[in-house]
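Positions 1 to 399 (this note's numbering) are the ones given, in order, by the sequence shown.
Every residue gets a Cβ at the ideal spot worked out from N, C-alpha and C, and that includes glycine.
On a predicted model such as this, the values are computed, not experimentally measured, just so you know.
Below is one structure, written out as structure tokens; comments come after it.
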Amino acid sequence: MTKYDVIVVGLGAVGGAATCHLARSGAKVLGIDRFSPPHSHGSSHGDTRITRSAIGEGVEYSELALRSHALWREFEALTGQTLFVRNGCLTISGADAVVMHDVDDFFANVETAAQRFNIPTRTFGDAAAISARYPQFAVQPGDKAILDEEAGLLYVERCVTATLELAAQAGAQLMRDTQVMQIEPSSSGVEVATGDNQRFTADRVLIAAGAWLPGFVAAELSRHFTVTRQVLHWFEIESNPERFRPENCPVFIWQLPRRGGVASSIYGFPLEGDASNGLKVTHEESGPATDPDHVNRTVDPVTETERTYRAYIEPFLPDLGPRCVRTATCLYTRVDRSRFVIDHDPRSERILFASPCSGHGFKHSAALGEALAEQLTRGQPQHVDLSPFRLERLAAYLR
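Shown next as structure tokens:
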């Protein structure tokens, strides 16, 4: 039986990046995925993801984002692909819209992170200032905004493809369309069994299986994870398409007025290509929990698309029409209070699991992959600090 230094289970955003960094560091690594990434079954698809530098979820995330930006540029140089477009991220917030991703004072946290990490920003102190620069947004009295100039968008499928191609070039063995059935500590390390009756051993295993991760970790950990279905929409641009070109429209996050006491938000991207492609803009759903193997992939045109347009698009983006050009579904793997969790499985110090998602993880994946590879091979990350995401820190955060 062939033994590896590390086996990575899951080859999406984080698993693919970790496999890439492991292989490039000289480790003998096997990466396994139940599908053939990039694919549309998990969380790493849908063309684009927002990347930010001044992170509202907490300053501990900003060093991950900044390191990831440097690594995306490195990957671009190695592959010749455009992965990261820096055109800024505009965060809009109103007087009663302070919570996002279960974080109080999200907007204030963006300002704090920008100051701490010397991230260039531009502040718009009122609705008139926002409208003068960005007339496509129907802001309300009391709204304010901040532009993170180091932010932008990532091309999701290209990023995953790039990390896996670089991993293979560096000698990683990649097994696609192979389902992992069991991960168990053994006398010689960790044993991984697949659905086609193959068995592999490794000194260490990284579980980065996204929505399927709860099924692999110790039972007492699974309560921390909730998998939810999300819907992506691309709506028709009825007027003023030039307002949504990248030079006129940054990616944006808009904390909306509370609805029935509940925080809500939308996020969106600039127009790419022809206006007939529509504008990708949507909102996040908080539940209910779903099974990743049986998730409903059909988007209802009335209860989901029309409802989204009437409640979240029409009042705030008047240039967009009700015709939906395209829809897609994806999965969030939420941890309590929308945190990340990265730690060892209680069954063995040789099993490391990473659930850095909660709806805001893709932007960090390049640096997380590097840090996880370093932790697995050197015992400690060299560039970023993963300690804020340990289980003990999550428990303290929830008190």
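When the Cα atoms are used, S264 and T305 turn out to be separated by approximately 16 Å. Three or more Cβ pairs drawn from the segment 372-389 and the segment 17-32 lie within less than 8 Å of each other, which places the two stretches in contact. By the Cβ neighbour-count rule, E150 is buried, with 16 or more other Cβ atoms within 10 Å of its own.
For W72, the uninterrupted alpha helix (DSSP H) segment begins and ends at 62-79. Judged by DSSP secondary structure, A17 falls within the alpha helix (DSSP H) whose first and last residues are 13-24. Contact between the segment 56-65 and the segment 105-118 is present, with at least three C-beta pairs closer than 8 Å. Annotation note: the segment 99-141 contains the following uninterrupted beta strand (DSSP E) runs of length 3 or greater, listed N- to C-terminal: 121-124. Collapsing the DSSP output to three states places P346 in coil. DSSP places F389 within a helical segment (H, G or I) once states are collapsed to three. Within the same chain, and ignoring the five residues on either side of T82 in sequence, the residues whose Cβ sits closer than 8 Å to its Cβ are E76, Y155, R158. Within the segment 150-209, the runs of alpha helix (DSSP H) at least 4 residues long that lie entirely inside it are, in chain order, 156-169. Secondary structure note for S93: its beta strand (DSSP E) is the uninterrupted segment 89-93.
S365: member of the alpha helix (DSSP H) spanning 365-378, first to last residue. For Q382, no beta strand (DSSP E) encloses it, and the DSSP letter there is neither H nor E. With fewer than 16 other CB atoms across the displayed protein chains lying within 10 angstroms of its CB, N197 is exposed.
Note that the segment 381-390 touches the segment 342-351; at least 3 beta-carbon pairs, one per stretch, sit closer than 8 Å. DSSP places G215 within a helical segment (H, G or I) once states are collapsed to three. Excluding the 5 residues flanking it on each side, G321 has same chain C-beta neighbours closer than 6 Å at E236, E238, in chain order.
Under the three-state reduction of DSSP, V299 is assigned to coil, being neither helix nor strand. Between the alpha carbons of Q182 and E74 lies a gap of roughly 35 Å. With contacts defined as CB atoms closer than 8 Å, L331 and G42 qualify as a contacting pair. S286 has no beta-bridge partner at all, per DSSP. Here R199 really is in contact with E191; their C-beta atoms are around 6 Å apart, less than 8 Å. Listed in chain order, the alpha helix (DSSP H) elements of length 4 or more contained wholly in the segment 225-289 amount to none.
Taking the Cα of P38 as reference, the smallest distance to any Cα among R337, K363, V180, V160 is reached at V160.
DSSP places A27 in the coil class of the three-state scheme, outside both helix and strand. Annotation for A17: T163, S365, A366, G369 place their beta carbon closer than 6 Å to its own, counting only its chain and skipping 5 residues before and after. The criterion of a C-beta distance shorter than 8 Å is satisfied by L271 and R245. Residue environment for S44: buried (at least 16 other C-beta atoms within 10 angstroms of its C-beta).
Assignment of I351 by DSSP, reduced to helix, strand and coil, places it in the strand class. Rounded to whole angstroms, the gap between the alpha carbons of K3 and R350 is 14 Å.
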